[in-house]
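Asker: The following block contains the structure, expressed as C-alpha coordinates.
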Amino acid sequence: MKSYKKCTTATLMALLIQSTMTFIPLLFGFACLGNMVIIYHGVVILSVSVCLCPNILLGAYRFMTLAFLIHIVTDVFNKFKDGEGNFKASLAIDVSGLLSLYEAAHLRIHGEEILDEAIAFTTTHLESMVSSISPHLLEKVTFSLNRPIRKNLPRLETRHYVSLYPKEDFHNATLLKLAALDFNVLQALHQQEVSNITRWWKNLDFPRKLPYARDRVVELYFWILGEYFEPQYSHARELATKIMTMVSAIDDTYDAHGTYEELKLFTQEIKRWDISAIDVLPDYMKFLYQAILYIYSDIEEHTTKEGRSYCVHYAKEAMEELVQAYFTEASWLHDAYTPTFEEYMSVAAVSATYFVIITFSFFGMGKIATKEVFDWVCNKPNIIKASSVIGRLMNDMVSHNNVARNNMVLRKKRQIKCWL
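When you line the sequence shown up against my numbering, it's residues 1 to 420, in that order.
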(Lines of atoms letter the chains of each structure in order from A and count residues from 1; the text may use other names and numbers.)
(Lines give C-alpha, C1' and ligand atoms only; values in the text may rest on other atoms or scores of the structure.)
Protein backbone atom coordinates (compact mmCIF):
# COMPACT_ATOMS: atom_id res chain seq x y z
CA MET A 1 0.00 0.00 0.00
CA LYS A 2 1.68 3.15 -1.18
CA SER A 3 -0.52 6.05 -0.11
CA TYR A 4 -3.11 6.87 2.51
CA LYS A 5 -5.59 9.68 2.65
CA LYS A 6 -8.22 10.67 5.21
CA CYS A 7 -11.57 11.74 3.79
CA THR A 8 -14.16 13.95 5.45
CA THR A 9 -17.86 13.30 5.04
CA ALA A 10 -18.08 16.41 2.88
CA THR A 11 -15.36 15.12 0.57
CA LEU A 12 -17.06 11.77 0.15
CA MET A 13 -20.43 13.40 -0.53
CA ALA A 14 -18.85 15.78 -3.04
CA LEU A 15 -17.27 12.87 -4.86
CA LEU A 16 -20.61 11.11 -4.98
CA ILE A 17 -22.70 14.09 -6.04
CA GLN A 18 -20.23 15.45 -8.57
CA SER A 19 -20.17 12.13 -10.41
CA THR A 20 -22.98 10.38 -12.22
CA MET A 21 -22.05 7.09 -10.60
CA THR A 22 -21.63 5.81 -7.09
CA PHE A 23 -18.24 6.02 -5.43
CA ILE A 24 -17.15 2.39 -5.67
CA PRO A 25 -17.92 1.92 -9.41
CA LEU A 26 -15.89 5.04 -10.11
CA LEU A 27 -12.85 3.40 -8.61
CA PHE A 28 -13.54 -0.24 -9.33
CA GLY A 29 -11.36 -1.89 -11.95
CA PHE A 30 -8.25 0.23 -11.63
CA ALA A 31 -5.01 -1.73 -11.74
CA CYS A 32 -1.36 -1.00 -12.50
CA LEU A 33 -0.33 2.32 -10.91
CA GLY A 34 -0.15 0.91 -7.40
CA ASN A 35 -2.44 0.24 -4.47
CA MET A 36 -4.39 2.87 -2.58
CA VAL A 37 -6.33 2.72 0.66
CA ILE A 38 -9.00 5.23 1.68
CA ILE A 39 -9.45 5.59 5.43
CA TYR A 40 -12.54 7.23 6.92
CA HIS A 41 -12.47 7.93 10.67
CA GLY A 42 -9.80 5.29 11.09
CA VAL A 43 -11.74 2.60 9.22
CA VAL A 44 -10.65 1.23 5.85
CA ILE A 45 -13.69 1.72 3.63
CA LEU A 46 -12.16 1.08 0.24
CA SER A 47 -9.02 -0.59 -1.05
CA VAL A 48 -8.40 -0.46 -4.77
CA SER A 49 -5.67 -0.51 -7.36
CA VAL A 50 -5.23 2.33 -9.81
CA CYS A 51 -5.07 2.14 -13.58
CA LEU A 52 -6.20 3.89 -16.74
CA CYS A 53 -9.55 3.07 -18.25
CA PRO A 54 -9.66 3.04 -22.07
CA ASN A 55 -12.89 5.10 -22.00
CA ILE A 56 -12.26 8.85 -21.70
CA LEU A 57 -15.44 9.38 -19.63
CA LEU A 58 -14.55 6.76 -17.03
CA GLY A 59 -10.87 7.61 -17.19
CA ALA A 60 -11.49 11.27 -16.47
CA TYR A 61 -13.98 10.50 -13.69
CA ARG A 62 -11.57 8.12 -12.03
CA PHE A 63 -8.66 10.51 -12.29
CA MET A 64 -10.78 13.37 -10.91
CA THR A 65 -12.02 11.27 -8.01
CA LEU A 66 -8.58 10.05 -7.02
CA ALA A 67 -6.93 13.44 -7.55
CA PHE A 68 -9.13 14.81 -4.76
CA LEU A 69 -7.47 12.28 -2.49
CA ILE A 70 -3.92 11.71 -3.71
CA HIS A 71 -1.58 13.00 -6.40
CA ILE A 72 -1.96 10.94 -9.55
CA VAL A 73 0.66 10.66 -12.29
CA THR A 74 -0.81 12.49 -15.29
CA ASP A 75 1.05 10.45 -17.88
CA VAL A 76 -1.97 8.15 -17.93
CA PHE A 77 -3.66 10.65 -20.27
CA ASN A 78 -1.07 9.97 -22.98
CA LYS A 79 -3.24 7.02 -23.95
CA PHE A 80 -5.73 9.50 -25.40
CA LYS A 81 -3.16 11.15 -27.70
CA ASP A 82 -2.39 10.36 -31.33
CA GLY A 83 0.97 9.69 -32.92
CA GLU A 84 1.69 13.40 -33.27
CA GLY A 85 1.21 14.08 -29.58
CA ASN A 86 -2.18 15.76 -29.90
CA PHE A 87 -5.39 14.68 -28.23
CA LYS A 88 -7.33 12.42 -30.59
CA ALA A 89 -9.95 14.26 -32.62
CA SER A 90 -12.33 11.35 -32.04
CA LEU A 91 -12.58 12.34 -28.37
CA ALA A 92 -14.64 15.37 -29.39
CA ILE A 93 -17.52 13.09 -30.38
CA ASP A 94 -18.20 12.16 -26.75
CA VAL A 95 -19.54 15.35 -25.12
CA SER A 96 -19.85 13.83 -21.64
CA GLY A 97 -16.35 12.39 -21.86
CA LEU A 98 -14.98 15.70 -23.11
CA LEU A 99 -16.66 17.54 -20.24
CA SER A 100 -15.25 15.06 -17.73
CA LEU A 101 -11.74 15.49 -19.13
CA TYR A 102 -12.20 19.28 -18.92
CA GLU A 103 -13.14 19.03 -15.23
CA ALA A 104 -10.38 16.53 -14.44
CA ALA A 105 -7.72 18.70 -16.09
CA HIS A 106 -8.49 21.55 -13.69
CA LEU A 107 -6.95 19.45 -10.92
CA ARG A 108 -3.57 20.10 -12.50
CA ILE A 109 -0.59 21.45 -10.64
CA HIS A 110 2.26 23.57 -11.97
CA GLY A 111 4.27 21.81 -14.65
CA GLU A 112 1.64 19.28 -15.74
CA GLU A 113 1.68 20.27 -19.39
CA ILE A 114 -0.56 17.46 -20.55
CA LEU A 115 -3.39 18.81 -18.39
CA ASP A 116 -2.77 22.34 -19.68
CA GLU A 117 -3.16 20.92 -23.18
CA ALA A 118 -6.29 19.04 -22.10
CA ILE A 119 -7.93 22.25 -20.88
CA ALA A 120 -7.17 24.05 -24.15
CA PHE A 121 -8.41 21.08 -26.21
CA THR A 122 -11.62 20.51 -24.28
CA THR A 123 -12.48 24.22 -23.94
CA THR A 124 -12.20 24.77 -27.69
CA HIS A 125 -14.40 21.79 -28.55
CA LEU A 126 -16.98 22.35 -25.81
CA GLU A 127 -17.45 25.99 -26.83
CA SER A 128 -18.00 24.92 -30.43
CA MET A 129 -20.73 22.46 -29.37
CA VAL A 130 -23.06 24.74 -27.42
CA SER A 131 -25.36 25.29 -30.40
CA SER A 132 -25.76 21.62 -31.29
CA ILE A 133 -26.20 19.62 -28.07
CA SER A 134 -29.25 18.69 -26.00
CA PRO A 135 -30.65 21.19 -23.45
CA HIS A 136 -29.50 18.97 -20.57
CA LEU A 137 -25.93 18.75 -21.83
CA LEU A 138 -25.97 22.44 -22.74
CA GLU A 139 -26.80 23.34 -19.15
CA LYS A 140 -23.94 21.19 -17.85
CA VAL A 141 -21.41 22.44 -20.39
CA THR A 142 -22.31 26.13 -20.01
CA PHE A 143 -22.11 25.94 -16.23
CA SER A 144 -18.77 24.12 -16.24
CA LEU A 145 -17.16 26.44 -18.78
CA ASN A 146 -18.11 29.37 -16.59
CA ARG A 147 -17.18 27.76 -13.30
CA PRO A 148 -15.34 24.40 -13.23
CA ILE A 149 -15.83 22.23 -10.14
CA ARG A 150 -12.30 22.97 -8.98
CA LYS A 151 -12.98 26.72 -9.02
CA ASN A 152 -16.48 26.59 -7.58
CA LEU A 153 -17.75 26.55 -4.00
CA PRO A 154 -18.77 23.04 -2.89
CA ARG A 155 -22.26 24.02 -1.78
CA LEU A 156 -22.99 25.94 -4.99
CA GLU A 157 -21.78 22.98 -7.00
CA THR A 158 -23.98 20.65 -4.97
CA ARG A 159 -27.04 22.87 -5.35
CA HIS A 160 -26.53 23.04 -9.10
CA TYR A 161 -25.98 19.33 -9.53
CA VAL A 162 -28.93 18.31 -7.36
CA SER A 163 -31.17 19.90 -9.99
CA LEU A 164 -29.28 18.27 -12.87
CA TYR A 165 -28.84 14.80 -11.42
CA PRO A 166 -32.44 13.55 -11.98
CA LYS A 167 -32.02 14.24 -15.71
CA GLU A 168 -29.10 11.80 -15.98
CA ASP A 169 -29.85 8.53 -17.78
CA PHE A 170 -28.65 6.60 -14.76
CA HIS A 171 -29.19 8.12 -11.34
CA ASN A 172 -29.64 6.85 -7.82
CA ALA A 173 -32.89 8.12 -6.32
CA THR A 174 -31.79 7.37 -2.77
CA LEU A 175 -28.55 9.27 -3.22
CA LEU A 176 -30.46 12.22 -4.67
CA LYS A 177 -32.87 12.23 -1.73
CA LEU A 178 -30.00 12.17 0.78
CA ALA A 179 -28.15 14.94 -1.05
CA ALA A 180 -31.23 17.18 -1.12
CA LEU A 181 -31.92 16.50 2.55
CA ASP A 182 -28.33 17.28 3.49
CA PHE A 183 -28.42 20.51 1.51
CA ASN A 184 -31.72 21.71 2.99
CA VAL A 185 -30.81 20.91 6.59
CA LEU A 186 -27.47 22.67 6.34
CA GLN A 187 -28.97 25.61 4.47
CA ALA A 188 -31.44 26.10 7.34
CA LEU A 189 -28.48 26.35 9.73
CA HIS A 190 -26.77 28.88 7.46
CA GLN A 191 -29.94 30.97 7.29
CA GLN A 192 -30.17 30.98 11.08
CA GLU A 193 -26.57 32.15 11.33
CA VAL A 194 -27.22 35.05 8.95
CA SER A 195 -30.27 35.96 11.02
CA ASN A 196 -28.18 35.97 14.21
CA ILE A 197 -25.49 38.19 12.70
CA THR A 198 -28.02 40.59 11.17
CA ARG A 199 -29.73 40.93 14.55
CA TRP A 200 -26.36 41.65 16.17
CA TRP A 201 -25.58 44.30 13.53
CA LYS A 202 -28.91 46.05 14.05
CA ASN A 203 -28.80 45.81 17.85
CA LEU A 204 -25.46 47.62 17.84
CA ASP A 205 -27.18 50.30 15.76
CA PHE A 206 -24.54 50.34 13.03
CA PRO A 207 -26.82 51.85 10.34
CA ARG A 208 -27.46 54.95 12.45
CA LYS A 209 -24.10 55.37 14.16
CA LEU A 210 -22.01 54.67 11.06
CA PRO A 211 -24.34 55.72 8.22
CA TYR A 212 -21.45 55.84 5.74
CA ALA A 213 -20.57 52.17 6.34
CA ARG A 214 -22.00 49.67 3.90
CA ASP A 215 -24.30 46.97 5.25
CA ARG A 216 -22.49 43.90 3.94
CA VAL A 217 -23.58 41.28 6.47
CA VAL A 218 -24.97 38.79 3.94
CA GLU A 219 -22.16 39.38 1.45
CA LEU A 220 -19.44 38.90 4.06
CA TYR A 221 -21.15 35.85 5.52
CA PHE A 222 -21.06 34.37 2.03
CA TRP A 223 -17.31 35.02 1.93
CA ILE A 224 -16.81 33.09 5.13
CA LEU A 225 -19.17 30.35 3.96
CA GLY A 226 -16.74 29.81 1.12
CA GLU A 227 -14.07 28.90 3.66
CA TYR A 228 -16.10 26.39 5.64
CA PHE A 229 -19.73 25.40 5.29
CA GLU A 230 -19.76 22.37 7.60
CA PRO A 231 -22.13 22.45 10.61
CA GLN A 232 -19.35 22.09 13.20
CA TYR A 233 -18.01 25.51 12.20
CA SER A 234 -21.22 27.39 12.96
CA HIS A 235 -19.71 29.56 15.72
CA ALA A 236 -16.58 30.11 13.64
CA ARG A 237 -18.65 31.46 10.75
CA GLU A 238 -20.59 33.86 12.96
CA LEU A 239 -17.45 35.13 14.67
CA ALA A 240 -15.48 35.52 11.44
CA THR A 241 -18.36 37.35 9.75
CA LYS A 242 -18.64 39.78 12.66
CA ILE A 243 -14.92 40.48 12.40
CA MET A 244 -15.21 41.05 8.66
CA THR A 245 -18.07 43.53 9.15
CA MET A 246 -15.65 45.46 11.37
CA VAL A 247 -12.98 45.27 8.68
CA SER A 248 -15.49 46.56 6.11
CA ALA A 249 -16.51 49.44 8.40
CA ILE A 250 -12.85 50.35 8.96
CA ASP A 251 -12.25 50.22 5.20
CA ASP A 252 -15.18 52.58 4.60
CA THR A 253 -13.89 54.89 7.33
CA TYR A 254 -10.49 55.19 5.67
CA ASP A 255 -11.93 55.41 2.15
CA ALA A 256 -14.97 57.59 2.55
CA HIS A 257 -15.30 59.38 5.86
CA GLY A 258 -12.33 59.97 8.14
CA THR A 259 -10.07 63.00 7.87
CA TYR A 260 -6.33 62.41 7.67
CA GLU A 261 -5.87 63.54 11.30
CA GLU A 262 -8.68 61.26 12.52
CA LEU A 263 -7.29 58.30 10.62
CA LYS A 264 -3.84 58.93 12.07
CA LEU A 265 -5.31 58.85 15.59
CA PHE A 266 -7.28 55.68 14.94
CA THR A 267 -4.22 53.94 13.49
CA GLN A 268 -2.24 54.77 16.62
CA GLU A 269 -4.96 53.75 19.07
CA ILE A 270 -5.82 50.45 17.40
CA LYS A 271 -2.35 49.26 18.40
CA ARG A 272 -3.04 49.96 22.07
CA TRP A 273 -6.11 47.73 22.46
CA ASP A 274 -7.12 49.79 25.48
CA ILE A 275 -10.58 51.18 26.16
CA SER A 276 -9.00 54.22 27.82
CA ALA A 277 -7.69 55.24 24.39
CA ILE A 278 -11.22 55.99 23.32
CA ASP A 279 -11.26 59.54 24.71
CA VAL A 280 -8.97 60.94 22.01
CA LEU A 281 -11.18 59.68 19.18
CA PRO A 282 -14.16 61.42 17.57
CA ASP A 283 -17.57 60.02 18.55
CA TYR A 284 -18.12 57.84 15.48
CA MET A 285 -14.66 56.30 15.91
CA LYS A 286 -15.35 55.66 19.59
CA PHE A 287 -18.27 53.48 18.61
CA LEU A 288 -16.21 51.61 16.02
CA TYR A 289 -13.31 51.13 18.42
CA GLN A 290 -15.61 49.79 21.15
CA ALA A 291 -17.24 47.35 18.74
CA ILE A 292 -13.83 46.01 17.71
CA LEU A 293 -12.76 45.55 21.34
CA TYR A 294 -16.03 43.76 22.08
CA ILE A 295 -15.48 41.22 19.31
CA TYR A 296 -11.88 40.64 20.34
CA SER A 297 -13.06 40.07 23.89
CA ASP A 298 -15.39 37.39 22.51
CA ILE A 299 -12.46 35.81 20.66
CA GLU A 300 -10.37 35.78 23.82
CA GLU A 301 -13.15 34.26 25.91
CA HIS A 302 -13.91 31.56 23.37
CA THR A 303 -10.30 30.55 22.66
CA THR A 304 -9.26 30.67 26.32
CA LYS A 305 -11.95 28.11 27.17
CA GLU A 306 -10.39 25.86 24.55
CA GLY A 307 -6.88 26.41 25.91
CA ARG A 308 -5.91 28.43 22.82
CA SER A 309 -5.51 31.93 24.23
CA TYR A 310 -2.51 32.39 21.92
CA CYS A 311 -5.00 33.08 19.09
CA VAL A 312 -5.69 36.59 20.42
CA HIS A 313 -2.12 37.71 19.76
CA TYR A 314 -2.34 36.70 16.10
CA ALA A 315 -5.78 38.30 15.77
CA LYS A 316 -4.45 41.62 17.00
CA GLU A 317 -1.35 41.48 14.81
CA ALA A 318 -3.46 40.83 11.71
CA MET A 319 -5.77 43.76 12.47
CA GLU A 320 -2.89 46.12 13.24
CA GLU A 321 -1.16 45.26 9.96
CA LEU A 322 -4.38 45.79 8.01
CA VAL A 323 -5.15 49.17 9.60
CA GLN A 324 -1.57 50.30 8.99
CA ALA A 325 -1.95 49.37 5.31
CA TYR A 326 -5.17 51.38 5.11
CA PHE A 327 -3.41 54.37 6.66
CA THR A 328 -0.42 54.09 4.32
CA GLU A 329 -2.80 54.29 1.36
CA ALA A 330 -4.57 57.26 2.97
CA SER A 331 -1.18 58.95 3.47
CA TRP A 332 -0.29 58.50 -0.19
CA LEU A 333 -3.56 60.19 -1.09
CA HIS A 334 -3.06 62.98 1.46
CA ASP A 335 0.46 63.67 0.20
CA ALA A 336 -0.52 63.33 -3.48
CA TYR A 337 2.14 60.62 -3.74
CA THR A 338 2.11 58.00 -6.48
CA PRO A 339 3.97 54.87 -5.37
CA THR A 340 5.83 52.54 -7.68
CA PHE A 341 3.97 49.39 -8.65
CA GLU A 342 6.15 47.30 -6.32
CA GLU A 343 5.62 49.73 -3.45
CA TYR A 344 1.90 49.79 -4.09
CA MET A 345 1.57 46.00 -4.18
CA SER A 346 3.51 45.52 -0.94
CA VAL A 347 0.80 47.53 0.83
CA ALA A 348 -2.25 46.79 -1.32
CA ALA A 349 -1.78 43.03 -0.99
CA VAL A 350 -2.34 43.51 2.74
CA SER A 351 -5.30 45.89 2.35
CA ALA A 352 -6.95 43.31 0.08
CA THR A 353 -7.81 41.59 3.42
CA TYR A 354 -7.00 38.04 2.28
CA PHE A 355 -4.35 37.61 4.95
CA VAL A 356 -6.76 38.85 7.62
CA ILE A 357 -9.55 36.55 6.43
CA ILE A 358 -7.25 33.52 6.42
CA THR A 359 -5.99 34.33 9.92
CA PHE A 360 -9.48 34.91 11.31
CA SER A 361 -10.80 31.73 9.72
CA PHE A 362 -8.70 29.62 12.08
CA PHE A 363 -10.12 31.09 15.30
CA GLY A 364 -13.21 28.90 15.45
CA MET A 365 -11.65 25.71 14.14
CA GLY A 366 -10.73 24.31 17.54
CA LYS A 367 -7.51 22.58 18.45
CA ILE A 368 -6.68 21.78 14.85
CA ALA A 369 -5.57 25.43 14.58
CA THR A 370 -2.40 25.12 16.64
CA LYS A 371 0.16 27.80 17.38
CA GLU A 372 2.29 26.31 14.61
CA VAL A 373 -0.55 26.86 12.14
CA PHE A 374 -0.80 30.54 13.07
CA ASP A 375 2.98 30.90 12.83
CA TRP A 376 2.84 29.40 9.36
CA VAL A 377 0.14 31.88 8.29
CA CYS A 378 2.01 34.85 9.78
CA ASN A 379 5.15 33.89 7.87
CA LYS A 380 3.07 34.41 4.71
CA PRO A 381 4.00 31.40 2.59
CA ASN A 382 3.79 31.77 -1.16
CA ILE A 383 0.25 30.41 -1.38
CA ILE A 384 -1.01 33.23 0.86
CA LYS A 385 1.07 35.88 -0.90
CA ALA A 386 -0.20 34.73 -4.29
CA SER A 387 -3.82 34.69 -3.09
CA SER A 388 -3.47 38.22 -1.75
CA VAL A 389 -1.92 39.55 -4.97
CA ILE A 390 -4.54 37.86 -7.17
CA GLY A 391 -7.33 39.15 -4.95
CA ARG A 392 -5.99 42.69 -4.98
CA LEU A 393 -5.52 42.87 -8.75
CA MET A 394 -8.95 41.39 -9.43
CA ASN A 395 -10.50 43.87 -6.99
CA ASP A 396 -8.74 46.82 -8.60
CA MET A 397 -9.67 45.82 -12.14
CA VAL A 398 -13.34 45.43 -11.25
CA SER A 399 -13.71 48.41 -8.94
CA HIS A 400 -11.97 51.13 -10.96
CA ASN A 401 -15.14 51.43 -13.06
CA ASN A 402 -17.42 51.29 -10.04
CA VAL A 403 -16.14 53.77 -7.46
CA ALA A 404 -18.62 55.88 -5.55
CA ARG A 405 -16.71 56.65 -2.38
CA ASN A 406 -14.95 59.97 -1.89
CA ASN A 407 -11.29 59.06 -1.46
CA MET A 408 -11.76 55.86 -3.42
CA VAL A 409 -12.06 57.70 -6.73
CA LEU A 410 -8.72 59.44 -6.32
CA ARG A 411 -7.07 56.33 -4.94
CA LYS A 412 -8.14 54.24 -7.92
CA LYS A 413 -6.78 56.86 -10.31
CA ARG A 414 -3.43 56.65 -8.54
CA GLN A 415 -3.51 52.85 -8.68
CA ILE A 416 -3.96 52.97 -12.45
CA LYS A 417 -1.21 55.56 -12.74
CA CYS A 418 1.28 53.48 -10.76
CA TRP A 419 0.42 50.46 -12.93
CA LEU A 420 1.24 52.47 -16.04
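For each residue, glycine too, the CB sits at the ideal point set by N, CA and C.
Given Leu-485, which residues of its chain have a CB within under 7 Å of its CB, disregarding the five upstream and five downstream residues?
Answerer: Nothing about residue 485 can be reported from this structure: the residues present for the chain run from 1 to 420 only.
Asker: For Glu-320, collect the residues of the same chain with a Cβ closer than 8 Å to its Cβ; drop the 5 residues on either side in sequence, then sort them by chain order.
Answerer: Ile-270, Lys-271
Asker: Are the region 129-137 and the region 94-112 touching, with three or more C-beta to C-beta distances below 8 Å?
Answerer: yes
Asker: State the DSSP-derived secondary structure class of Lys-81, mapped to helix, strand or coil.
Answerer: In the structure shown, Lys-81 adopts extended strand secondary structure according to DSSP, grouped into three states.
Asker: Do Phe-87 and Phe-121 have their C-beta atoms within less than 9 Å of each other?
Answerer: yes
Asker: Hey, how far is the Cα of Leu-204 from the Cα of His-302?
Answerer: 21 Å
Asker: Would you check if the distance between the CB atom of Leu-393 and the CB atom of Ser-351 is smaller than 9 Å?
Answerer: no
Asker: Is it true that the CB of Phe-287 sits closer than 9 Å to the CB of Leu-318?
Answerer: Correcting the residue type first, residue 318 is Ala in the shown sequence and not Leu. Going by C-beta atoms, Ala-318 is not nearer than 9 Å to Phe-287.
Asker: Taking all protein chains shown into account, do 16 or more other C-beta atoms lie within 10 angstroms of the C-beta of Ile-250, making it buried, or fewer, making it exposed?
Answerer: buried
Asker: Looking only at its chain, what residues have a beta carbon closer than 8 Å to the beta carbon of Phe-183, apart from the 5 residues adjacent to it on each side?
Answerer: Arg-155, Thr-158, Arg-159, Val-162
Asker: What is the DSSP secondary structure of Phe-87, counted as helix, strand or coil?
Answerer: strand
Asker: For Glu-227 versus Ile-383, is the C-beta spacing smaller than 9 Å?
Answerer: Contact: no.
Asker: Would you kindly work out how many angstroms separate the C-alpha atoms of Val-194 and Tyr-221, rounded to a whole number?
Answerer: 7 Å
Asker: Which of helix, strand or coil does DSSP assign to Thr-340?
Answerer: coil
Asker: Taking the straight line between their C-alpha atoms, what separation do you get for Ala-431 and Ser-361?
Answerer: Because the chain here runs from 1 to 420, residue 431 falls outside it and cannot be looked at.
Asker: For Phe-341, count the other beta carbons within 10 Å of its own beta carbon; 16 or more makes it buried, fewer makes it exposed. Which is it?
Answerer: Only exposed fits Phe-341, as fewer than 16 other CB atoms lie within 10 angstroms of its CB.
Asker: Apart from the five residues just before and just after Val-248, which ones in its own chain have a Cβ nearer than 6 Å to its Cβ?
Answerer: Looking at the sequence shown, residue 248 is not Val but Ser. Answer for Ser-248: Arg-216, listed in chain order.
Asker: So what does DSSP say about Ser-361, is it helix, strand or coil?
Answerer: helix
Asker: Using the beta-carbon count (16 or more within 10 Å), is Trp-332 buried or exposed?
Answerer: buried
Asker: Which same chain residues, not among the five before or five after Val-377, have their C-beta less than 8 Å away from its C-beta?
Answerer: Tyr-314, Phe-355, Ile-358, Thr-359, Phe-362, Ile-384
Asker: Taking the alpha-carbon of Asp-255 as reference, which of Ala-325, Tyr-233, Gly-307 has the nearest alpha-carbon?
Answerer: When each option's Cα is compared against that of Asp-255, the closest is Ala-325.
Asker: Using three-state DSSP, classify Ala-213 as helix, strand or coil.
Answerer: Residue state, collapsed to three classes: coil.
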